[in-house]
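Reviewing the structure listed below.
2 protein chains.
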Amino acid sequence: MGIVYGQPQTVKTHFLGLPGYSIFKLQKSSHMDKIFPGIWKVTLGQPEDITPVKVRHTEPAVEAIGKLPPVAQCPIPEVSLWGRQTKRGFSVRIGLQDDEQIYGLGLQLLSFNQRQSKKTLRVNSDPTANLGDTHAPVPFYLSTAGYGVLVDTARYAAFYFGVSVPRRSLAEVTDERQPGYSPRTLEENIAWVTRDRNGPVIIDIPTAEGIDIYIFGGPEMRTALQRYNLFSGGGCLPPRWGLGVWYRASTGVDQQQVLSLSETLRNDQMPCDVIGLEPGWQSHAYSCSFTWNKAFPEPRRLVSQLVGQHYHVNLWSHVFTHPSSPVYEALSPYSGDYEVWGGLVPDLLMPEARQILAEHFTREHVDLGVSGYKLDECDNSDFNTNPWSFPESSQFPSGADGEVMHSLLGIQLQDTIEGIFRQSNLRTYGGVRSSHALAAPYPFVLYSDLYKHKDFIRGLVNCGFSGLLWTPEVRDAASEEDLIRRLQAVVLSPQALINAWYIKNPPWKQWRTVQNNADQFVENLHDLEAACRKILELRMQLIPYLYTAFYHYHQEGIPPFRALVLDYPTDPNVWQIDDQWMVGDRLLAAPVTAGEQGREVYLPEGPWYDFWNGHRIEGGQKLSVAVPLDTIPLFVRGDAVLPLAQPTLHTEDPASYNLVVRIFGAGNQPFTLYEDDGLTFGYRDGQFNTLTITWDNQRQSGNQVRTGDFAYPGYKIERWERL
Amino acid sequence: MGIVYGQPQTVKTHFLGLPGYSIFKLQKSSHMDKIFPGIWKVTLGQPEDITPVKVRHTEPAVEAIGKLPPVAQCPIPEVSLWGRQTKRGFSVRIGLQDDEQIYGLGLQLLSFNQRQSKKTLRVNSDPTANLGDTHAPVPFYLSTAGYGVLVDTARYAAFYFGVSVPRRSLAEVTDERQPGYSPRTLEENIAWVTRDRNGPVIIDIPTAEGIDIYIFGGPEMRTALQRYNLFSGGGCLPPRWGLGVWYRASTGVDQQQVLSLSETLRNDQMPCDVIGLEPGWQSHAYSCSFTWNKAFPEPRRLVSQLVGQHYHVNLWSHVFTHPSSPVYEALSPYSGDYEVWGGLVPDLLMPEARQILAEHFTREHVDLGVSGYKLDECDNSDFNTNPWSFPESSQFPSGADGEVMHSLLGIQLQDTIEGIFRQSNLRTYGGVRSSHALAAPYPFVLYSDLYKHKDFIRGLVNCGFSGLLWTPEVRDAASEEDLIRRLQAVVLSPQALINAWYIKNPPWKQWRTVQNNADQFVENLHDLEAACRKILELRMQLIPYLYTAFYHYHQEGIPPFRALVLDYPTDPNVWQIDDQWMVGDRLLAAPVTAGEQGREVYLPEGPWYDFWNGHRIEGGQKLSVAVPLDTIPLFVRGDAVLPLAQPTLHTEDPASYNLVVRIFGAGNQPFTLYEDDGLTFGYRDGQFNTLTITWDNQRQSGNQVRTGDFAYPGYKIERWERL
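Respectively, the protein sequence lines represent chains A and B.
FYI, in my numbering the residues of the first sequence are 895 to 1617.
FYI, in my numbering the residues of the second sequence are 895 to 1617.
Given below as structure tokens:
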């Protein structure tokens, strides 16, 4: 594990030269170029024109790539890489060692370790079967052998990881020519049918006549991922307010009701930084007008009042453009040949379409003070219970077809919207329902209408492999327990989102939908609010820590939320763990779902500490953990110091910079906080400070060293604390 | 409904001529030929070489087609049919009227009426999502407007039925240019998002550069289906024994245990005509050796002993060929470039491969007296929990690729196997796990490992639209009630199959798996056996009736098991009914699943009678029916006479020809039974009799008239009965 392929053995992949096989057109890699340190590009055949890399708007973070450990040679040698063109498209084979574990492929809600599986990356907003369908397909995978592979296609490619075995020659099967074993029970039958077979990686790319493959060296799997994220442009750094609590109001509210909600949240002392408006704010939604509904007669006043209360405003939208929209006619020549919900499908691969939308959004929303968007419906329908969206055979003026557009719409939309704010030197943070390759630089968090808590947790753990962010958002709940368990997970995610879009009141007043909408609150309102407030306050305490983790995402490509296997690739115990994750470098989260009376937590080798009581736990073992409803299993890695903010109602409260530094064990591992204006892109020009916090256990005293002298509000250590 | 398109309005399908759309390559239908009465063929572009029609082995039943009602002109006018070639393949649009209902596309377990849906016909043995994935995709659909469409492709084509709407021009949306309605509650949102849109039929065929489309006129939907089935060659006529009860023994049995099972069934007086052996009979299964296991030291003696007890023997197999098989080396040059379970994938589009398998199967099994096969695993894995099978990018010597082979393997295998028996002038009947277009002539019944009873019932109802047969087979059960409910449904299906492949004893001795395999029987063994025996006896009583229904399938293409909408296309009440079906022309079945305390049954217009008590029920209404566990809701259409056989233990018992004729109401609708040797193809040369049974209600006396004088055992009316 974690090895660099030095001279890996030639994989047992071969094509037969039997009669009748003349239709095979083999194509050895035509060239393999080292394009950046540790990154190779292989071109096979004639790749398509519209691919994730070719239509990217970001630049690789070349300097940061150069700081990663060197990789002597391409981890996948030319000899184990083959392509062939068929009538169906282009097919690639890549060698795979017996013990490699495989992760990635984007937002996979139903599976984790992809070794011995096949996945077809169809864009689908309702992926109920574990076939690869996903909101956010990313044709990138990572191997525990220490490399990553990006297949540069926007097609619905199929990936086989070891499950399909090329045919052997007669000579190779000689010792199997005697009668063998035949299963005689159900169990034996299943065992035979499912026994492991070790084939190569096979990637079938429909339609294409060639493909560019990018290979990212490690030597560690995590370093290969960093290289991929930096090749994408580096991870996003959200504005500081984006890491606070998000609350999306019911779609039925009017201007006055939004203001009354904003007051209720403050009066109830429930932390909140962002208020989101759902479809009802538009004069026409499904399809969209992008203009304010008459229920919002004074949008400028509304936004400025909310901003005055230290909220940021986020607007829901999708791109399907209703005839009543002021931009309909302008977009018309730059749209596809099918409608969605009676609206145009703007071709976001055309600069004209991007420009028209950006100008309108700027003038009508952003200039009023709106801070971001929730970009809905940019994936694709599964056409199951609720058919919508454009067919894969749609044609767009840019030359894209519907399949390619489904893959790329989400990422092109993210770029269009982020560009609006970038122009004003403002960061944004928002939601998006679809993404694809090279997404790391975009400050948008994926979400889904599927609402299974365990799958939502798996989605969070998986997203870190693919340069994606994901929120296991909280809506209504099946029970008080379910509400609390969901809140506990969401505050340890990229976006602490309460999405009350179809409930009138916050779920902590009533988790049942019908009663909530009838203003009938739970009997233990005070207790339930207090319990939920405590969870949201944990989020507020973690903001300095999380903001720093995002800075490492931006600078080094290390995902702030990630599976354990990224940090411990050689430990087989973590290869299947899809319900625990690292939050930054120091915290390990293992949330609980409703109905669980306890849970098992695996802690990898090394010392760990219970976040809540500071007790030391020796790693390298599986623990049975008690899970009282008011506790999230949360562990601190090593003898660390951990800075926690004073919980406030929002991040503009200066008190949110006041820190308590918690000391675990000997506390001999310092922590460096990242500090900037929290709002602009100044950090890209070096406008930031760092604050390194150390603890001297012998002297029982702490120390802090600041680099940079920018006059931000700045963190203040108020107290050192040992539990 | 049921109308012939005379001059249907031009469908609102158009392509835009906007700038940037020059990549469109429009292709009006190049020619539309009437190839048989009421059947048109349209060729668009350059169709592929390997398609269901081009590789068919059967001939259209031209004479029978000629006997159907005439159709003046093609129900789909040229003007409403467009094709275009894209990089992705070929795309077709066909006009669709607002009120047309659509059915078909093969074995769809999760949906019924396909109007306003999209289905992609991927071959998949475990279709858990309603996306079109299926064991048996059939690119054929029927419309209540009275026509059928066969898209001649073995590709995984996508069908959109009205859900995707081509873009309108600016002029067309003028009246939508003012701000409209925006949803303000969850319900309003769902209503808006899901409201019906009326687009055309869109068919996306990947890879292809053209397509042949066959259009089948009605004027009624059922007649269009008959035309399709007759174009396929006419429905199969199983041997008479095939309609008896089937019992598949546990895969773990040896020769002696099979014989003891066969005796147990007779001693317990449980009807059974066929005993099936599961994988354990082969010396190597997964992959297959096709040779007998040492647990079966004297296969010839075993088969002849079973035949002597009036059983027919059916053998499980798949085609993936293990190196230990005697035919491995011979098949090697005629196999694909991937392995499945370590075995070859024979290319059944090559006559050589078919011949090698047929010769071996003949010599090793059929010459010993084996009567048929269960053809397993010829579909494709969904690569979900249990990955297997060859990739879509596989290549075969015939020039087929894996995608095409997955679609066609089942039907080519059916032809190969049926050919073995046809050579000896013997009919066979068996099971198959995959099928495709033009399947009607093949005497194989589809089945699945998915075991949801309601889905199994829906599968049965759906299969009749596509020239397929399906058995909702019975294995173990969740309860005694579940066992009985499942048996009640399976005896009203094409194959009354008890598939005990992983339970040692019949399920009526113990429905729980573990206890069954430990020989621990239920306490109420006697009662449960009696209840199950009664259900199996109903099957035996119905054999003359079912055999006649199959004859109509063969002669006229009328499916013996079919949805109500085929008989009542103009009644909107039946458009969604997926849990009732017609069994032949006289019976309507509405079985119950476990847990249901009652059920609703809709009876279309006209008089109906309760099969069990003869009570008259007026149709055109929905009934709430009591469902005591010992009763299957079963209704007789019209004032019918219904011949029922004396229940016997097997169909070779001469008593099975003894009839009781049950009279319903005035009994003034005669019934004509079909009668032949039940075994050979002599009927194709006119070697059959018919026996027309009439009842004179005034005189209270019955009459029978036989045509043909072939000396078959022959039906004898023993009694006329009125309940």
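We put the beta carbon where it would ideally sit given N, CA and C, even for glycine.
None of the values given here were measured: they were computed from a predicted structure.
Nearest-angstrom Cβ-Cβ length linking residue i and residue j, presumed shorter than 8 Å
i         : j         : result
B:ARG1622 : B:GLY932  : With chain B covering 895 to 1617 only, the question about residue 1622 of chain B has no answer from this structure.
B:VAL1368 : B:LEU1381 : 6 Å
B:GLY1451 : B:LEU1119 : 7 Å
A:PHE1558 : A:PHE1582 : So it is not a contact: roughly 27 Å between Cβ atoms.
A:ARG1134 : A:THR1545 : 5 Å
A:THR1215 : A:CYS1182 : 6 Å
B:ARG1379 : B:THR1487 : 5 Å
Selected residue, minimal CA-CA separation from residue i, among the options
i         : options                                       : result
B:SER985  : A:GLU1450, A:LEU1422 and A:ASP1295            : A:ASP1295
A:ASP943  : A:MET1299, A:GLY1136 and A:GLN1151            : A:MET1299
B:ALA955  : B:TRP1395, B:SER1126 and B:TYR1441            : B:SER1126
B:LEU1303 : B:LEU1243, B:THR1047 and B:LEU1036            : B:LEU1243
A:LYS928  : A:GLY960, A:THR945, A:VAL1535 and A:GLN1470   : A:GLY960
B:ASN1597 : B:GLY1608, B:TYR1606, B:TRP1614 and B:PRO1607 : B:TRP1614
A:TYR1496 : A:ARG1480, A:PRO1527 and A:PRO1522            : A:PRO1527
A:VAL1221 : B:LEU1064, B:LEU1344 and B:TRP1186            : B:LEU1064
The beta strand (DSSP E) enclosing residue i, as first and last residue numbers
i         : result
B:ARG1142 : 1139-1142
B:ASN1274 : That residue, B:ASN1274, is in no beta strand (DSSP E); it is neither H nor E in DSSP.
B:THR1407 : Looking at the DSSP string, B:THR1407 is not in any beta strand (DSSP E); the run it does join, the alpha helix (DSSP H), is 1407-1411.
B:LYS1623 : Lying before the first or after the last residue shown, residue 1623 of chain B is absent from chain B, which here runs from 895 to 1617.
B:TYR1496 : 1492-1497
B:THR1068 : That residue, B:THR1068, is in no beta strand (DSSP E); it is neither H nor E in DSSP.
B:VAL1468 : From DSSP, B:VAL1468 is part of no beta strand (DSSP E); its letter is neither H nor E.
Residue interval of the alpha helix (DSSP H) (run including residue i)
i         : result
B:ILE1250 : 1245-1258
B:LYS1428 : 1419-1450
B:ILE1378 : 1374-1384
A:LEU1354 : 1347-1357
Three-state class that DSSP yields for residue i in the structure shown
i         : result
A:ILE1314 : helix
A:GLN1289 : strand
A:ARG1061 : coil
B:ARG880  : Here chain B comprises residues numbered 895 to 1617, so residue 880 of chain B is not present and cannot be evaluated.
A:GLY1136 : helix
A:TYR866  : With chain A represented from 895 up to 1617, any question about residue 866 of chain A goes unanswered, as that position is not in the structure.
B:HIS1178 : coil
A:TRP1305 : According to the sequence as given, residue 1305 of chain A is Ile; it is not Trp. Helix at A:ILE1305.
A:GLY1580 : coil
B:LEU920  : Since pLDDT at B:LEU920 reaches only 44, below the 50 mark, its modelled position is unreliable, and the value read off the structure follows with that caveat. It is a strand residue.
A:ALA1294 : coil
A:LYS1516 : strand
A:TYR1323 : coil
Residue i classed as buried or exposed, judged by whether at least 16 other C-beta atoms fall within 10 angstroms
i         : result
B:SER1373 : exposed
B:THR1601 : exposed
A:GLU1512 : exposed
A:GLU1157 : exposed
A:ASP1106 : buried
B:LEU1432 : buried
B:VAL1408 : exposed
B:SER1154 : exposed
Closer than 8 Å at the beta carbon, the chain C residues around residue i
i         : result
B:ASP1276 : Considering every chain present, this structure includes no chain C. Its protein chains are A and B.
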